[in-house]
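For reference, the structure discussed in these notes is given below.
Residue numbers (this note's numbering): 25 to 195.
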């Protein structure tokens with residue numbers, strides 16, 4: 025019920041999770057959660073990070089522009105919490121699958137999407153999440169043996185999800 029993927033390369037997991045959401049949504053799967061889209065802002069600036077809330081059209085910027093020389097964390101925790109609130113509302117409306125763009129530092133610390141992951145699982149809703157290699161140990165401790173590592177390719181993610189979601193939900 026808890027599938028996770030770790031992918032190498034900047035933005036690869038974001039693109040993979042977004043592609044899975046798009047494909048499953050096209051099959052009629054009711055989705056809740058968020059996918060990340062990184063917007064290139066040129067060589068002088070780091071990318072802007074936006075969360076697209078599933079299944080609707082809401083977009084929340086979760087990055088802060090700290091300047092081109094900044095080495096600090098660019099995550100806007102208020103933006104992340106706002107996105108999680110919108111995702112909670114979508115989850116409350118009903119979903120066949122909950123998708124989380126990333127189990128990151130905020131989730132490691134018990135914030136962000138972590139409470140929603142637990143809520144979805146307790147309601148019997150499968151969860152698909154990307155996990156960075158840097159947070160894999162913390163995620164595995166959180167998952168307590170319940171997570172299924174998925175190969176970082178679209179076919180693997182779709183196969184996992186389709187096995188858990190009744191075909192009637194994909195009409």
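Cβ atoms here follow ideal geometry from the backbone N, Cα and C, with glycine treated the same way.
Whole-angstrom C-beta distance between residue j and residue i, which should lie under 8 Å
| i | j | result |
| --- | --- | --- |
| residue 78 | residue 86 | 15 Å between Cβ atoms; not a contact. |
| residue 121 | residue 48 | 6 Å |
| residue 143 | residue 99 | About 22 Å; that fails the 8 Å criterion. |
| residue 55 | residue 119 | 6 Å |
| residue 84 | residue 103 | 5 Å |
Length of the line joining the Cα atoms of residue i and residue j
| i | j | result |
| --- | --- | --- |
| residue 170 | residue 141 | 12 Å |
| residue 123 | residue 153 | 6 Å |
| residue 42 | residue 128 | 17 Å |
| residue 183 | residue 40 | 14 Å |
| residue 38 | residue 60 | 6 Å |
| residue 177 | residue 186 | 15 Å |
| residue 106 | residue 130 | 13 Å |
| residue 188 | residue 72 | 33 Å |
| residue 159 | residue 117 | 30 Å |
| residue 53 | residue 80 | 13 Å |
| residue 35 | residue 190 | 30 Å |
| residue 57 | residue 165 | 22 Å |
| residue 108 | residue 134 | 13 Å |
| residue 25 | residue 146 | 10 Å |
Three-state class that DSSP yields for residue i in the structure shown
| i | result |
| --- | --- |
| residue 153 | strand |
| residue 72 | strand |
| residue 77 | strand |
| residue 28 | strand |
Cutoff 6 Å; reference residue i; Cβ partners in own chain excluding five residues on either side
| i | result |
| --- | --- |
| residue 126 | 154 |
| residue 180 | 174 |
| residue 163 | 127, 155 |
Residues of its chain near residue i, where Cβ-Cβ distance is below 7 Å and the 5 sequence neighbours each way are ignored
| i | result |
| --- | --- |
| residue 112 | 140 |
| residue 45 | 55, 59, 78, 123 |
For residue i, the residue or residues it bridges with in DSSP
| i | result |
| --- | --- |
| residue 123 | 57, 152 |
| residue 84 | 75 |
| residue 174 | 29 |
Sequence-distant residues of its chain with Cβ nearer than 8 Å to residue i (five each side left out)
| i | result |
| --- | --- |
| residue 28 | 127, 152, 153, 154, 155, 163, 167, 171, 172, 173, 174 |
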